[in-house]
Amino acid sequence: MTMTKLLSIILASIHKDKLSGLFANLETTARDMDSFEVLIKLDDENPEMVAYLETEKRQRPFSIKYIVTPRLRGYWDLYLAYNELWKMSSPETYFATLINDNARFATQHWDDILRRYVGYFSDDIFHLRTSKRKRLEFRSLVECLTYGESYAFFTQKWLSLTEGIGVGEAEMDAGQECVNYFLRTKCGYSRGVVVDAIKMANEEAALSASHGLSGKEWHKKLWGIYGLYAKLLTRDKVENFYRLARKLSAYIWASENDLPQFEIEDGKADKKILVKINSQSDPVKSFPYEVDFLTWLSVLFDIEPVGIRLNWDRWPPLLANQIVARRQLAQLWLSMPPEQVENAYLGDLGKAHKKLLNISIRNKPLTTARQLYINKLVKYIASEYSELDESAFVDDLVGRILNGPGEKSSVQDLLAALLYCRDDELLYPGFDLSSIPKWLRDDLSPSVFRKAKIERTKQRLLKFMPHPVLRKVLRTIQSILIKIKNLIEEILEG
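The numbering used here puts the first residue of the sequence shown at 1, with every later residue one more than the last.
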């Protein structure tokens with residue numbers, strides 16, 4: 001490959017002063033002005049920026065290109081412009097990076113250092129990591145969204161296989177970090193190269209999402225970011241990250257096995273990436289990328305933080321997807337033929353069920369204000385969702401369970417209801433536990449059986465205490481004990 005440029009620098013800006021600062025920084029820190037190009041997205045509502053850049057193009061010693069596009073939804077649609085800019089970059093550029101207009105290189109002749117990494121892997125599939133987060137190896141996909149490598153230099157080969165800079169509506173740091181996560185954890189290839197020699201100045205300021213916004217403006221933007229994160233955690237988006245990682249791994253495998261020529265094809269019908277000698281040949285090897293329901297739930301529940309400490313079980317983007325997953329599983333139980341339920345529960349669906357029992361709002365409801373925010377997020381990622389419909393759905397389920405076993409309720413009803421209610425609350429003390437199949441009864445919490453034992457003892461006492469006064473005394477004592485128990489639980493939780 002004949003390399004025409006070493007690096008394409010891609011960004012969006014509406015600030016002349018910040019761009020001037022960036023251009024001056026590039027001019028004073030790079031050695032070879034022909035080794036890189038700068039590609040910028042402008043909003044069509046700022047015509048003065050076009051005149052400014054035309055002047056800069058004539059005066060600066062490096063290449064400047066730009067596009068003017070509608071602002072659309074602002075930050076949340078930038079990935080569209082970034083992909084357009086990437087397509088405009090010099091065809092044989094080796095690296096590409098995405099920055100913002102606050103970024104500044106702190107290393108002199110950083111381009112010479114960058115050049116040393118050309119061909120670091122013979123297949124040209126890798127990226128360089130230069131930020132303070134460069135050594136983090138995430139064990140959970142959710143952290144890739146919030147704490148991804150912010151100053152990465154990706155090879156054009158990597159970006160062509162992952163279909164651009166913006167992946168799944170995400171910017172490079174989040175989307176490509178998710179692809180890298182799957183490449184490392186599921187495909188077995190570690191292709192992130194830590195580089196200490198290239199440093200960025202004022203890194204934290206450049207990465208700040210708030211950028212001086214007022215409290216109200218920042219709060220609005222934060223919930224917009226939550227909406228993006230919630231969408232990126234949907235099953236379809238997670239599967240897309242895995243699909244792109246499989247494309248990378250298929251290319252690496254073909255290169256490692258010295259195939260003289262090959263093509264990478266997406267077998268979408270079977271959800272497999274295929275390595276072929278040519279488009280007409282049979283696959284030499286296939287790489288499945290389907291993300292099943294249980295794998296998706298593992299993304300939503302199995303969090304092992306390494307970079308940032310958050311209350312993940314109450315984090316809105318995760319919680320919104322957990323609510324969607326819970327409703328999907330409940331509907332699946334209700335639609336399942338009775339003869340299939342036991343095997344399903346004892347298999348992967350049962351494992352998924354047990355994961356969803358850990359949804360935080362099952363044990364500790366949200367405040368009214370926070371619930372309204374969560375409902376908006378759920379509606380954003382699942383347009384068919386309605387909080388009123390959800391409430392009626394749960395009320396109907398619980399009502400059938402409270403009527404007791406028989407024609408009006410089934411084990412499918414119970415499984416669905418248990419996703420929303422704790423078993424020791426749903427199964428009232430007098431409930432006939434023997435009507436529950438053993439394979440499910442064995443997984444009920446001990447408190448269900450304690451309450452049932454207390455109820456049986458009470459009934460035996462009542463049998464030998466027919467006097468109305470004694471019955472009243474017993475009920476009073478029972479009521480007091482329940483109140484004391486509830487008070488202790490409130491104190492412990494508070």
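Ideal Cβ placement from N, Cα and C applies to all residues, glycine included. Keep in mind that this is a model prediction, so the values were computed, not measured.
Output the distance between the C-alpha atoms of residue i and residue j, rounded to the nearest integer angstrom.
i: A30; j: G347; result: 58 Å
i: V378; j: R326; result: 12 Å
i: L508; j: Y181; result: Residue numbering for the chain in the displayed model covers 1 to 494; residue 508 lies beyond these limits and cannot be assessed.
i: S249; j: L183; result: 7 Å
i: T185; j: Y251; result: 17 Å
i: E489; j: K483; result: 10 Å
i: R246; j: G224; result: 30 Å
i: L319; j: K364; result: 13 Å
i: F105; j: K199; result: 6 Å
i: Y242; j: V291; result: 8 Å
i: V50; j: K272; result: 45 Å
i: D523; j: D270; result: The question about residue 523 has no answer, for the chain in this structure spans 1 to 494.
i: Q439; j: I264; result: First, the amino acid is wrong: residue 439 is Trp here, not Gln. One C-alpha to the other measures close to 46 Å.
i: D43; j: P70; result: 6 Å
i: D282; j: D258; result: 18 Å
Consult DSSP for residue i and reduce its assignment to one of helix, strand or coil.
i: F62; result: coil
i: E407; result: At E407 the pLDDT is 49, less than 50, meaning the model places this residue with poor confidence; the figure from the coordinates comes in the next sentence. Looking at E407 - three-state DSSP - the assignment turns out to be coil, as it is neither helix nor strand.
i: I381; result: helix
i: I359; result: coil
i: G350; result: helix
i: I165; result: coil
i: S286; result: strand
i: K272; result: strand
i: D112; result: helix
i: R441; result: helix
i: I488; result: helix
i: G119; result: coil
i: A106; result: coil
i: A30; result: coil
i: V68; result: strand
i: G188; result: coil
i: N46; result: coil
Can you tell me the Cβ-Cβ gap for residue i and residue j, rounded? I've got them flagged as a contact below 8 Å.
i: F154; j: F95; result: 7 Å
i: R129; j: V195; result: 7 Å
i: A330; j: L228; result: At roughly 27 Å, the Cβ-Cβ gap does not stay under 8 Å, so A330 and L228 are not in contact.
i: D111; j: D32; result: 5 Å
i: V230; j: N321; result: Looking at the sequence itself, residue 230 is Ala, so the reference to Val does not match. Indeed they touch by this definition, with Cβ atoms about 6 Å apart.
i: W158; j: I125; result: 5 Å
i: V193; j: Y120; result: 6 Å
i: S150; j: S131; result: 5 Å
i: Y82; j: G21; result: Incorrect: roughly 21 Å between the Cβ atoms, too far for contact.
i: T97; j: L19; result: That belief does not hold up - the Cβ atoms of T97 and L19 are roughly 16 Å apart, past 8 Å.
i: D413; j: L402; result: Incorrect: roughly 11 Å between the Cβ atoms, too far for contact.
What is the residue span of the beta strand (DSSP E) that residue i lies within?
i: A197; result: A197 -> no beta strand (DSSP E), and no H or E assigned at all.
i: R129; result: 127-129
i: A392; result: Careful: A392 lies outside any beta strand (DSSP E), inside the alpha helix (DSSP H) at 387-402.
i: G267; result: 263-267
i: I40; result: 36-43
i: L98; result: 95-98
i: A152; result: 152-155
Below 7 Å CB to CB, which residues in the same chain sit around residue i once its five sequence neighbours on both sides are set aside?
i: F293; result: A352
i: L85; result: I10, L39, K41, I67
i: E407; result: Low per-residue confidence applies at E407: pLDDT is 49, beneath 50, and the placement is therefore not dependable enough to give any value.
i: D423; result: L444, S445, V448
i: G399; result: none
i: E387; result: N375
i: P499; result: The displayed coordinates of the chain run from 1 to 494. Any statement about residue 499 would go beyond what the structure contains.
i: A417; result: L397, V398, I401, L426
Quick check on the DSSP output: the alpha helix (DSSP H) that includes residue i runs from which residue to which?
i: I10; result: No alpha helix (DSSP H) holds I10; the beta strand (DSSP E) holding it covers 7-12.
i: K87; result: 78-88
i: W333; result: 316-335
i: L141; result: 141-147
i: N240; result: 235-256
i: A344; result: 338-345
i: E425; result: 423-426
i: L294; result: 293-301
Here's a check: name, in chain order, each residue in its chain whose Cβ is nearer than 8 Å to the Cβ of residue i, leaving out the five neighbours to either side.
i: C144; result: F138, A174, E177, C178, N180, Y181
i: S298; result: K355
i: Q261; result: I277, N278
i: D236; result: none
i: T93; result: M3, T4, K5, L6, L7, S8, E37, Q156
i: V341; result: W333, V411, Q412, L415
Near residue i, what residues of its chain come up, given a Cβ to Cβ distance below 6 Å and the 5 sequence neighbours on each side ignored?
i: K285; result: V275
i: A382; result: V324
i: E304; result: R139, S140
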